[in-house]
Amino acid sequence: MDKVDKTDKMDLTFCKLSAYICIIYADISIFMGTFGKSFEREIGKNTGKWVSNVVFGDGHSTPYRRVGGSQEPRKTKAEMLHEQRLEQIEAEERLKRQQIKADDKRKEKEQLLSIDHAVLQNIDAVAGIKIPNNKENLINLLSELATQVKANKWHKNDSEGKIRNKFCDALFEKYKQCVYLLESIDSTTPQLGYHKSIIKKIKRQRFFKKHKWLIIILSIPCLYLLMMTILFLNYIGLLTLTLILGFTIAGFYAIRKLILAFKDPSSSKTIQVPKQAPEKQIVPLPTEQVKEVNESIFFDLNENGRIEQKLSSIWAKYERTVDRVIINRNPIFSADGVKNSILFVGVNPSYNLSDDIYFISGSDNKSLMYGSFYNRSDAPEYFKKLEAFSNQLHKPYTHINLLYARENDRDKLLSFDHNFIREQLELTYDTILKIEPVAIIFFTDYCHDLIFGADRWVNPNNKRNGAYLLNGTNIPVFFTDDITTLTYNKQQELINAIQDTF
Numbered sequence: 013m014d015k016v017d018k019t020d021k022m023d024l025t026f027c028k029l030s031a032y033i034c035i036i037y038a039d040i041s042i043f044m045g046t047f048g049k050s051f052e053r054e055i056g057k058n059t060g061k062w063v064s065n066v067v068f069g070d071g072h073s074t075p076y077r078r079v080g081g082s083q084e085p086r087k088t089k090a091e092m093l094h095e096q097r098l099e100q101i102e103a104e105e106r107l108k109r110q111q112i113k114a115d116d117k118r119k120e121k122e123q124l125l126s127i128d129h130a131v132l133q134n135i136d137a138v139a140g141i142k143i144p145n146n147k148e149n150l151i152n153l154l155s156e157l158a159t160q161v162k163a164n165k166w167h168k169n170d171s172e173g174k175i176r177n178k179f180c181d182a183l184f185e186k187y188k189q190c191v192y193l194l195e196s197i198d199s200t201t202p203q204l205g206y207h208k209s210i211i212k213k214i215k216r217q218r219f220f221k222k223h224k225w226l227i228i229i230l231s232i233p234c235l236y237l238l239m240m241t242i243l244f245l246n247y248i249g250l251l252t253l254t255l256i257l258g259f260t261i262a263g264f265y266a267i268r269k270l271i272l273a274f275k276d277p278s279s280s281k282t283i284q285v286p287k288q289a290p291e292k293q294i295v296p297l298p299t300e301q302v303k304e305v306n307e308s309i310f311f312d313l314n315e316n317g318r319i320e321q322k323l324s325s326i327w328a329k330y331e332r333t334v335d336r337v338i339i340n341r342n343p344i345f346s347a348d349g350v351k352n353s354i355l356f357v358g359v360n361p362s363y364n365l366s367d368d369i370y371f372i373s374g375s376d377n378k379s380l381m382y383g384s385f386y387n388r389s390d391a392p393e394y395f396k397k398l399e400a401f402s403n404q405l406h407k408p409y410t411h412i413n414l415l416y417a418r419e420n421d422r423d424k425l426l427s428f429d430h431n432f433i434r435e436q437l438e439l440t441y442d443t444i445l446k447i448e449p450v451a452i453i454f455f456t457d458y459c460h461d462l463i464f465g466a467d468r469w470v471n472p473n474n475k476r477n478g479a480y481l482l483n484g485t486n487i488p489v490f491f492t493d494d495i496t497t498l499t500y501n502k503q504q505e506l507i508n509a510i511q512d513t514f
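Number 189 in my numbering belongs to position 177 of the sequence shown; there are no gaps in the numbering.
This is how it looks when you write it as structure tokens:
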């Protein structure tokens with residue numbers, strides 16, 4: 013009985029287990045069927061989207077958003093209008109700042125123009141100050157100018173400072189002219205030393221003011237070298253340094269001696285220092301001739317305004333074709349000729365601002381002239397040398413220039429309209445014929461290049477007694493360097509050549 017019960021219980025348990033297995037299998041079958049169909053549908057849908065994107069682009073694909081992507085949220089209309097308004101306000105502010113900056117620049121430019129106008133007026137006033145030849149009046153003027161020079165300091169080198177410094181430069185230039193004139197009148201005047209010391213002081217102040225940053229920059233390496241020198245001295249000692257310098261100097265001296273000992277004397281090219289003519293070689297004019305000189309050997313080269321009228325015509329004719337800087341400078345000419353004289357001819361007058369003050373203005377104020385310095389004790393040193401040379405020939409002298417335009421750069425001057433040069437030369441040729449010199453000495457290669465040639469003033473084939481002749485005359489012509497630069501021997505050779513033509 014017990015065995016039957018046990019068998020029945022086992023059968024019942026097996027049956028229950030079988031039933032559970034069947035139920036689980038059925039559920040799995042149902043689930044798998046449903047999942048498979050869903051999986052198939054999802055695969056087909058996504059594949060269609062991919063094909064659509066490839067064929068038609070994103071415009072035809074199903075929109076979707078990835079979670080956690082970088083796409084920003086869409087801005088509202090109010091936000092967009094607000095941003096546009098902010099950009100508009102910023103643009104208006106930027107335009108306003110640019111307008112303010114432009115107005116500031118315009119005001120600054122107007123201010124600089126106003127300052128420049130005032131400075132030019134002051135410069136004209138300074139230039140118009142007449143420098144007296146009387147010693148007492150000149151000293152009084154110097155006292156006034158000294159106060160002005162001290163009060164008007166040089167400014168820094170910015171835009172405004174450069175303009176204001178023009179007046180300081182003009183004032184200082186006028187002051188120096190007065191000092192130099194006082195020195196020429198009386199070099200023993202006690203006030204002269206004081207005014208010269210002011211010139212030196214002002215020059216230093218002007219230099220340091222204009223070149224302050226350059227001095228600061230250069231002082232840095234100088235300080236560095238000074239520090240290194242001090243450290244070097246501390247390291248080696250003063251006695252050691254003295255011995256090193258002594259041996260170095262002795263070594264250089266010994267090497268120089270050896271070089272000179274083995275050097276070929278014939279290959280030496282030392283520069284000869286020009287010898288000045290001994291005083292006894294300068295033969296003064298006879299007393300009776302001096303008396304004659306003092307009476308009436310001068311004559312007016314500008315008679316009836318001949319030279320100044322011609323120069324005025326030339327300058328007006330070429331004012332558009334010649335450099336404005338040069339054409340605006342009044343030409344200079346010699347107004348005095350000396351009869352039976354040696355004629356010295358330079359190429360053209362150099363430019364010096366003080367000439368407008370010292371030289372005599374023509375009747376039309378468009379040219380400047382100077383008289384003869386012959387037989388004058390107050391003649392400049394240069395003209396005294398010309399007179400000493402002509403005295404050795406027992407003749408007076410006359411000095412003129414080929415051209416009348418004032419310019420230091422001769423190459424620049426001669427590069428202008430050749431007719432401008434030609435008409436000046438024609439005027440000079442007529443003047444030479446009026447002087448009728450016993451001989452003409454042309455200085456510098458510029459004179460030679462201008463007038464020497466078969467079709468020019470001096471024909472290379474027209475010579476007499478070893479000297480060239482001026483075309484249309486029997487006047488001997490000589491070309492040389494400025495005689496004031498010639499050695500004594502060269503001067504004697506030239507004197508002998510001129511005497512051979514008398």
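A virtual CB, placed ideally from N, CA and C, is assigned to each residue, including glycine. None of the values given here were measured: they were computed from a predicted structure.
Of the listed residues the options, nearest to residue i (C-alpha basis)
i	options	result
K186	Y441, S379, F432, I141	I141
C459	D116, K119, V357	V357
L193	T492, N486, I143	I143
D421	L506, D335, E448	D335
L498	T513, L398, I487	L398
I326	E315, M239, L415	L415
L117	S171, L237, R218	The residue you asked about is not Leu; residue 117 is Lys in the sequence shown. The option with the nearest alpha carbon to K117 is S171.
D312	D348, R341, I338, G478	D348
S362	R341, L355, P488	R341
L183	V131, C234, A466, Q123	V131
I8	H167, N477, S199, T201	This structure gives no information on residue 8, because the portion of the chain shown stretches from 13 to 514.
I309	P488, V138, Y386	Y386
N453	D429, N413, G465	Note that residue 453 is Ile in the sequence shown, not Asn. Cα-wise, what sits closest to I453 is N413.
Q321	D457, S375, I338	S375
D181	Y330, I135, E438	I135
I487	S379, A114, A451	A451
N360	Q111, I344, L204	I344
Distance between residue j and residue i (C-alpha atoms, nearest Å)
i	j	result
L481	A328	34 Å
I197	S389	12 Å
C190	P472	48 Å
N483	R468	8 Å
D367	K165	26 Å
E105	L98	11 Å
S280	F455	Residue confidence for S280 is low, a pLDDT of 39 falling below 50, so the modelled location carries little weight; the figure read from the coordinates is stated next. Computed Cα separation, rounded: 30 Å.
F432	L425	10 Å
K475	Q504	21 Å
S346	N314	8 Å
N217	D429	According to the sequence shown, residue 217 is Gln rather than Asn. So the two alpha carbons sit approximately 43 Å from each other.
I510	A417	30 Å
D493	D457	8 Å
Burial state of residue i, where buried means 16 or more other Cβ atoms lie within 10 Å
i	result
K292	Since pLDDT at K292 reaches only 33, below the 50 mark, its modelled position is unreliable, and no value is offered.
H207	buried
P392	exposed
S402	buried
T74	The pLDDT assigned to T74 is 48, lower than 50, so where the model puts this residue is not dependable; a value taken from the coordinates is nonetheless given after this. The residue in question, T74, is exposed, as its Cβ has fewer than 16 Cβ neighbours within 10 Å.
L257	exposed
H94	exposed
S155	exposed
Y394	exposed
M92	exposed
Y500	exposed
P233	exposed
F514	exposed
N177	buried
Beta-ladder partner(s) of residue i, from DSSP
i	result
D348	D312
T525	Nothing in the structure corresponds to residue 525, since the chain is present only between 13 and 514.
N413	G358
M470	For the sequence presented, residue 470 should be read as Val rather than Met. According to DSSP, V470 bridges with F464, L482.
R476	A479
S325	Per DSSP, none; premise fails for S325.
S373	L380
Span of the beta strand (DSSP E), counted from its first residue to its last, around residue i
i	result
F356	354–358
A479	479–482
Y382	380–382
First through last residue of the alpha helix (DSSP H) which encompasses residue i
i	result
V337	336–339
Y370	367–370
H406	Looking at the DSSP string, H406 is not in any alpha helix (DSSP H), and its letter there is neither H nor E.
N377	Unbroken run through N377: none, as it is neither H nor E.
H430	430–447
K165	Per DSSP, K165 belongs to no alpha helix (DSSP H) and is neither H nor E.
I12	Residue 12 lies beyond the range of the chain shown here (13 to 514); nothing can be said about it.
Q424	It should be noted that the sequence gives Lys, not Gln, for residue 424. 422–426 is the extent of the alpha helix (DSSP H) around K424.
Contact test: residue i Cβ vs the ligand FAD heavy atom, cutoff 8 Å
i	result
K351	Looking for the ligand FAD in the displayed structure turns up nothing, as the structure carries no ligands at all.
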